[in-house]
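Novice: There's a structure below that I have some questions on.
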Amino acid sequence: MNDVPLIPRRQDLGRKLTQLRTTNSGEQQSASSEEYRLEDYAGTFYYAVGGKETFQKLTEIFYREVAKDPDFRAMYPEEDLGPAQMRLQLFLEQYWGGPTTYGERRGHPRLRMRHHPFPVNSENRDKWLRFMRTALDELALPQLQDATLWDYFERAAHSLQNTPDN
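Going letter by letter, the sequence shown gives residues 1 to 166 in full-length UniProt numbering.
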C-alpha cells in the first residue's frame, strides 16, 4: 500500500507556485506568472500546447482582431484591452490545466454571469468565433491541438449567447 507514489494535487501545485513574497517595502505580492515552470504542468493540455507563451499569443492576436471592429470593441468598457486580454489568457491557462491564477484573483469563472451584461447574439457570437479562428490560424498549432481548442471555443461561444436575434 505504501509503495504508491504520491502525486501532488492540482490545488497544492497552485499554492506552491503562487506563494506570497515580501517586497522591500514589506508588502506581500503573489509570485508572478513568469516564475511558473512549464515542466510543472507536464501531462496537461496546457503543457502540450506550449503553456503561457501559447495562450498569451492566442489572446494577443484575438484582441488585436477585436480592436479592428468598432461595434464589437464597444462591448469592452475599458479603454485599454490589456486587462481583458490578461483575464482571457489566465482563464484559458487555468481551464487547460495550467496555473490557477485566474481563480485565485477572480474566483469561479461564472462565464454566463460575467457575460450577461453584454448582448451576445448570433452576430456577436460569430464575430467572436471569427476573431478566435484568426488567432488559432496564426498560431498554427498541430491539427489535434487546434481542433481541441476550436471545439471548446465553439461550444463556449454558443453557450454564452444570451440575446435573441431580431
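Just so you know, even glycine gets a beta-carbon here, dropped at the ideal spot from N, CA and C.
DSSP state of residue 172, grouped into three classes?
Specialist: The requested residue 172 does not occur in the structure, where the chain is confined to residues 1 to 166.
Novice: Under a three-way DSSP split, which group does Lys-57 fall into?
Specialist: Sequence index remark: in the sequence shown, residue 57 carries index 57 (1-based). Reduced to three states, the DSSP call for Lys-57 is helix.
Novice: With DSSP collapsed to three states, give me the class of Gln-161.
Specialist: Translated into positions along the sequence shown, residue 161 becomes position 161. Of the three classes helix, strand and coil, the one that applies to Gln-161 here is coil, per DSSP.
Novice: Tyr-47: which of Tyr-95, Ala-147, Pro-119 sits nearest, CA to CA?
Specialist: As a first step, residue 47 is located in the sequence shown; it is residue number 47 there, counting from the start. For the residues Tyr-95, Ala-147, Pro-119, the minimum Cα distance to Tyr-47 belongs to Tyr-95.
Novice: I believe Tyr-102 touches Gln-85 by the beta-carbon criterion, under 8 Å. Please report the beta-carbon distance rounded to the nearest angstrom.
Specialist: Indexing the sequence shown from 1 puts residue 102 at position 102. Indexing the sequence shown from 1 puts residue 85 at position 85. Tyr-102 to Gln-85, Cβ: 13 Å. No contact.
Novice: Give the DSSP-derived three-state secondary structure of Lys-68 in the structure shown.
Specialist: By one-based count along the sequence shown, residue 68 stands at place 68. In this structure, Lys-68 counts as coil in the three-state DSSP scheme.
Novice: Specify, as a first and last residue, the run of the alpha helix (DSSP H) that Glu-138 falls within.
Specialist: Counting from 1 along the sequence shown, the entry for residue 138 is found at position 138. Counting along the chain, the alpha helix (DSSP H) containing Glu-138 begins and ends at 122-139.
Novice: May I ask you to report which of helix, strand or coil DSSP gives Thr-22?
Specialist: Here residue 22 corresponds to residue number 22 of the sequence shown, with the count starting at 1. Only weak support is given to the placement of Thr-22: the predicted model assigns it a pLDDT of 35, under 50, and the value that follows is read from those uncertain coordinates. Residue state, collapsed to three classes: strand.
Novice: In terms of residue numbering, what span does the alpha helix (DSSP H) encompassing Tyr-47 cover?
Specialist: As a first step, residue 47 must be located in the sequence shown, where it is residue number 47. Unbroken alpha helix (DSSP H) run through Tyr-47: 45-49.
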